[in-house]
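K.L.:
Chains as they are written, first to last, in this note's numbering: chain A, 2 to 656; chain B, 1477 to 1894.
#1: Skipping 5 residues on each side, what residues in its chain have a beta carbon closer than 7 Å to that of residue 1871(B)?
#2: Hey, would you say residue 252(A) sits closer than 8 Å to residue 214(A), going by beta carbons?
#3: So, does the CB of residue 571(A) fall closer than 8 Å to a CB anywhere in chain B?
#4: Hey, does residue 549(A) have any beta-carbon neighbour from chain B nearer than 8 Å?
#5: With distances taken Cα to Cα, identify the nearest neighbour of residue 279(A) among 86(A), 638(A), 448(A) and 509(A).
#6: Nearest by alpha-carbon distance to residue 382(A): which of 393(A), 392(A), 315(A) and 369(A) is it?
#7: Can you have a look at residue 393(A) and say buried or exposed, based on whether 16 or more other CB atoms are within 10 angstroms of its CB?
#8: Starting from the Cα of residue 589(A), find the closest Cα among 643(A), 338(A) and 355(A) and give me that residue.
#9: Can you pull the DSSP bridge partners for residue 1806(B)?
#10: Let me make sure I understand the geometry here. Which of 441(A), 559(A), 205(A) and 319(A) has the alpha-carbon closest to that of residue 376(A)?
#11: Who are the neighbours of residue 568(A) on chain B, taking C-beta pairs under 7 Å?
#12: Could you check the C-alpha separation between residue 1496(B) and residue 1824(B) for me, to the nearest Å?
#13: Thinking just about the alpha-carbon of each residue, which of 1574(B), 1706(B), 1735(B) and 1689(B) is nearest to the one in residue 1660(B)?
#14: Using a C-beta to C-beta distance shorter than 7 Å, which residues of chain B count as neighbours of residue 246(A)?
#15: Report the start-end ranges of each alpha helix (DSSP H) in the segment 1848-1891 of chain B that is 4 residues or longer and not cut off at the edges.
#16: Please name the residue in 173(A), 591(A) and 158(A) whose C-alpha comes closest to that of residue 167(A).
#17: What does DSSP give as the partner residues of residue 113(A) in its beta bridges?
#18: Quick one: any contact between the segment 515-527 of chain A and the segment 273-291 of chain A, if contact means 3 or more CB pairs under 8 Å?
#19: Could you list which residues in chain A have their beta carbon closer than 7 Å to that of residue 1735(B), in chain order?
#20: Taking the C-alpha atoms as reference points, what is the distance between residue 571(A) and residue 314(A)?
#21: Report the neighbours of residue 639(A) on chain B: residues whose CB is nearer than 8 Å to its CB, in chain order.
#22: Ignoring anything shorter than 4 residues, give me the alpha helix (DSSP H) runs that lie fully in the segment 206-291 of chain A, in order along the chain.
#23: Using DSSP bridges, identify the partner residues of residue 199(A).
#24: Verify the CB distance criterion: does residue 1640(B) have a CB-CB separation below 8 Å to chain A?
#25: In the DSSP assignment, the beta strand (DSSP E) including residue 1659(B) goes from what residue to what residue?
#26: How do the segment 105-119 of chain A and the segment 192-212 of chain A stand: do at least 3 beta-carbon pairs fall below 8 Å, yes or no?
#27: Do residue 1857(B) and residue 1528(B) have their C-beta atoms within less than 8 Å of each other?
#28: Between which residues of its own chain and residue 23(A) is the CB-CB distance below 7 Å, once the five residues before and five after are set aside?
#29: If the cut is a Cβ gap below 7 Å, which residues of chain A does residue 1753(B) touch?
#30: So for residue 648(A), helix, strand or coil by DSSP?
#31: Helix or strand or just coil, what does DSSP make of residue 1507(B)?
#32: Would you identify the three-state DSSP class for residue 462(A), choosing helix, strand or coil?
#33: By Cβ distance, which residues of its chain are closer than 6 Å to residue 227(A), with the 5 residues on each side in sequence left out?
#34: Would you say residue 1621(B) lies against chain A (beta-carbon separation less than 8 Å)?
#35: Considering only residues of the same chain and omitting the five flanking positions on each side of residue 41(A), which have a CB-CB separation below 6 Å?
#36: Where does residue 332(A) fall in DSSP's three states?
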């Protein structure tokens, strides 16, 4: 009897699981699906209750919405005085102190962010061109009074004429770091009579592809953006980049900010190759951005390093995350091995399929870096020069395009030119193509590496290696995330020391001067030694589809950088030894080891002398233990302002 | 037929052997079902959970180099097989099929059978709360059986091929990851289990025999402490006490973490230790093994004590004493053997743990073991790696169950299987 019951139960479980498993595969991962149909508005159906499956949605109440979604101004945030008041009431120094308490006050002050571009960036507009919001609670209170939000005697929070309380729903992640400063900010707002209802949500939801910020599901929302040498920003601040159901949620302008001057300027900045005009365009965007106060920049996060006090040559730069760019110069007197403690292990050394920061660093020791970006600007390294128009390594000529030509349209998509397509003409204007030939800009760039480079096996770098690089990185079978640059290229000629690239008319990539995938090299001569069907073949003969699986690519690549991979014990260590053919001569330290450790054990290993370098992926802030160890002479701590900055976005419209 | 075989067996062999053979066959079939069921459940749970290898790919600045286009997303979904229906994915993971249409005598069957969706159709609906929800309402382009031809696929876990890692060790074999870490985990968990048994058994026995003695009070207190305090407390405490502080004082100290050194190091009293030597490995293993042992000893000794106390109250123990047997004989011959029967279950069920590792201890000591790998695989949505570990753990668990049942027959003659 018991076994019968057991069998019945097991049967029910099996049937249940089978039924569950028969659901379409796409359902659990709606995040990654292509948006083909996006039409429920206008009008928007307000669904009170939804039953699955979606085809049989039961609508109990339908509310006609006169306008599209996110077109109703937020009654509180629509008033710029309220937004500015929130900015004046925010004491950003106090927020910084709450999370970076061990920093000297001067360094804390240096972290305060005034704009969406870091203060030391070449595109920063300068304090004098921005509306600044130094902490001034009284001014904030006055602005709120003017906006009609008064604080009754003895009442903790402000109300308007109707008696509605001034409160905001504030959403951010549940990271301890954010919980810490958010609690302080909540109190600062309360001091100005503004109630903040904090919601700390999982990062997976907040940054999900179909949830949180991606669906503008916030009133006030905090997260971080990362500043780059090229500021970009078009998808963040242009009017046509406001995510809406109607446009398949395209864009990242979750604030719903549409300022025509700023929108035009950010587009111009992202479609210009001239730095002076770009600086001017970014100045306009920053001026409007800070004046409208649609997003409150708070502070830059820190990049913390802790190293062996005897380590010399270690010199990380603000604006360049690749702190090991000069690892060939590192040295600890009396030691032939430097140990880097990493809490994340690279998934592959093939950067086409793996772009995690640790993979870039791990490969950087093998391949070196084509260029560097100290202080958010570009400096050539393996690349001979930055290939700019100014130094004649690039040209941006006017060419005539006609129907049927391949061009890049105004949205950045490579297309075949037909009537009705919007394109950007050579004057920079967006025009509709009507069959009449149009002049467009066409970019040609020579991307060259320094001469006489040798692979770490002594073989000279040659034209075939450049050819293999481009053809591999642009092969759809390679498994890359995107081929957007490949699609922008009209023609490429392979040279002995680089590439001569001609882009499609209309393609104006702002970082055109910097070598990056698909303009890379691979050792076409390398013979596959690992067991398998490709053993004995040259790399150039192996189908691209199989590259990611090759140990010669994924684990033991060879390149022209200072070190070669000697051994990789998964989960434990990656051992490098000096490249005898390194173009700058022998590295100062013969061996480098990446020791894979855990965050819980990292500081103990540094203080215990097992590792020599901990970086900011392990250390989120300077700890008391490290500060004390520095006083005892056991470690040296370095804290830099990172390009990553915290901010609070104001959603100007209701859904 | 089976009955006939059984009768033949009974004629040729003693009854117990035939019963045992039949029992084992039944158990193996049950075990296979349980493993398959657990694999299906684990696969479904992992794949239904939010996230996945493409999560966040869209959350990047459009137009930038790394931001995928809709065509890129379609290609990537196919790369990770996310465009296939779950049962099809599961079958390919389990047995390496289907790989395309069925071909019989030059005839192709089911080539146009739909096995997934390459281009799902989404719709945004607004809920009463104002929040927009994205729903999949159809499929604009199906994936057919014929489309699977040429796609890479593993041989299937039933044939020992766990496929390739998605994110932890991109496109490299899952077995590489497991085989690299398994020896380290076995080293850690094996030594700690052995030491725990060697320490806990005498402690538990002595504690039970000397119930309410000072020794019993001390071991009981320590056992409660060991059970109640979290592993990370002991881990951090040990690192401080036996590594950081003595090193600062220039005394003998142990390495604070990792399974072995990567360069020579000095230890007062031992001189310069070369990495990878036996001494180096032992020094690195002492602290994590000690922590795991401590925690296990606490639990095991309490269990043995309790079990033995219960047996010591039985009539047959009283009878043995009444017959004039020495206390040593009573304990070792009569009481302990019976007291250990339930303990066998506890010990045998530690076997899957030997493989699965100890997540907290491994994390505290940077021990490159299976526990950390499992955590990493889950955090980075590397389902092939996570599934491989869940599958192997499931197999080991059912094997441990069988082992436990078989062990009962060895220690208790009253128990018969069949």
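Cβ coordinates follow ideal geometry from the N, Cα and C atoms, glycine included.
P.N.:
In short:
#1: Taking C-beta separations shorter than 7 Å and ignoring five residues to either side along the sequence, the partners of residue 1871(B) in its chain run 1511, following chain order.
#2: Their beta carbons are not under 8 Å apart, which means residue 252(A) does not touch residue 214(A) by this criterion.
#3: It does: the Cβ of residue 571(A) has a partner Cβ on chain B nearer than 8 Å.
#4: Yes, residue 549(A) counts as interfacial toward chain B.
#5: For residue 279(A), the closest of 86(A), 638(A), 448(A) and 509(A) by C-alpha to C-alpha distance is 509(A).
#6: Check the Cα spacing between residue 382(A) and each of 393(A), 392(A), 315(A) and 369(A): the tightest is with 369(A).
#7: Of the residues assessed, residue 393(A) falls on the exposed side of the cut-off, its CB having fewer than 16 other CB atoms within 10 angstroms.
#8: Residue 338(A) holds the alpha-carbon nearest to the alpha-carbon of residue 589(A) among 643(A), 338(A) and 355(A).
#9: For residue 1806(B), which the question treats as bridged, DSSP gives no partner whatsoever.
#10: For residue 376(A), the closest alpha carbon among the candidates 441(A), 559(A), 205(A) and 319(A) is that of 319(A).
#11: What residue 568(A) touches in chain B: nothing, since even the nearest Cβ is about 10 Å away.
#12: Roughly 20 Å separates the two Cα atoms.
#13: Shortest Cα-Cα distance from residue 1660(B) to any of 1574(B), 1706(B), 1735(B) and 1689(B) involves 1735(B).
#14: When 7 Å is used as the limit between beta carbons, residue 246(A) is near these residues of chain B: 1600 and 1608, in chain order.
#15: Correct list: 1859-1887.
#16: Relative to residue 167(A), the option among 173(A), 591(A) and 158(A) whose CA is nearest is 158(A).
#17: In the DSSP output, where bridge partners are listed per residue, residue 113(A) has 300(A).
#18: When Cβ pairs closer than 8 Å are counted between the two stretches, the segment 515-527 of chain A is seen not to touch the segment 273-291 of chain A, the count staying below three.
#19: Residues of chain A whose Cβ lies closer than 7 Å to the Cβ of residue 1735(B) are, in chain order, 573.
#20: Cα atoms of residue 571(A) and residue 314(A): separation of roughly 29 Å, rounded to the nearest angstrom.
#21: Simply none; closest approach about 22 Å.
#22: Counting whole runs of 4 or more residues, the segment 206-291 of chain A contains the alpha helix (DSSP H) stretches 235-238 and 261-271.
#23: Bridge partners of residue 199(A) according to DSSP: 171(A).
#24: Yes - at least one Cβ of chain A is within 8 Å of the one on residue 1640(B).
#25: Per DSSP, residue 1659(B) lies in no beta strand (DSSP E) segment; the continuous alpha helix (DSSP H) that holds it begins and ends at 1650-1685.
#26: Below 8 Å, too few C-beta pairs join the segment 105-119 of chain A and the segment 192-212 of chain A to call them touching: fewer than three.
#27: Yes. Within cutoff.
#28: Only weak support is given to the placement of residue 23(A): the predicted model assigns it a pLDDT of 38, under 50, and the question is left unresolved by the model.
#29: Chain A residues near residue 1753(B): none, gap ~16 Å exceeds 7 Å.
#30: Assigned with DSSP and collapsed to three states, residue 648(A) falls in strand.
#31: DSSP places residue 1507(B) in helix when its eight states are reduced to three.
#32: Judged by DSSP in its simplified three-state form, residue 462(A) adopts coil rather than helix or strand.
#33: Around residue 227(A): 644 and 645.
#34: By this cut-off, residue 1621(B) is not an interface position.
#35: Caution applies to residue 41(A), whose pLDDT of 34 falls short of 50 and renders its modelled position unreliable; the model cannot decide the point.
#36: In the three-state DSSP reduction, residue 332(A) falls in the strand class (E or B).
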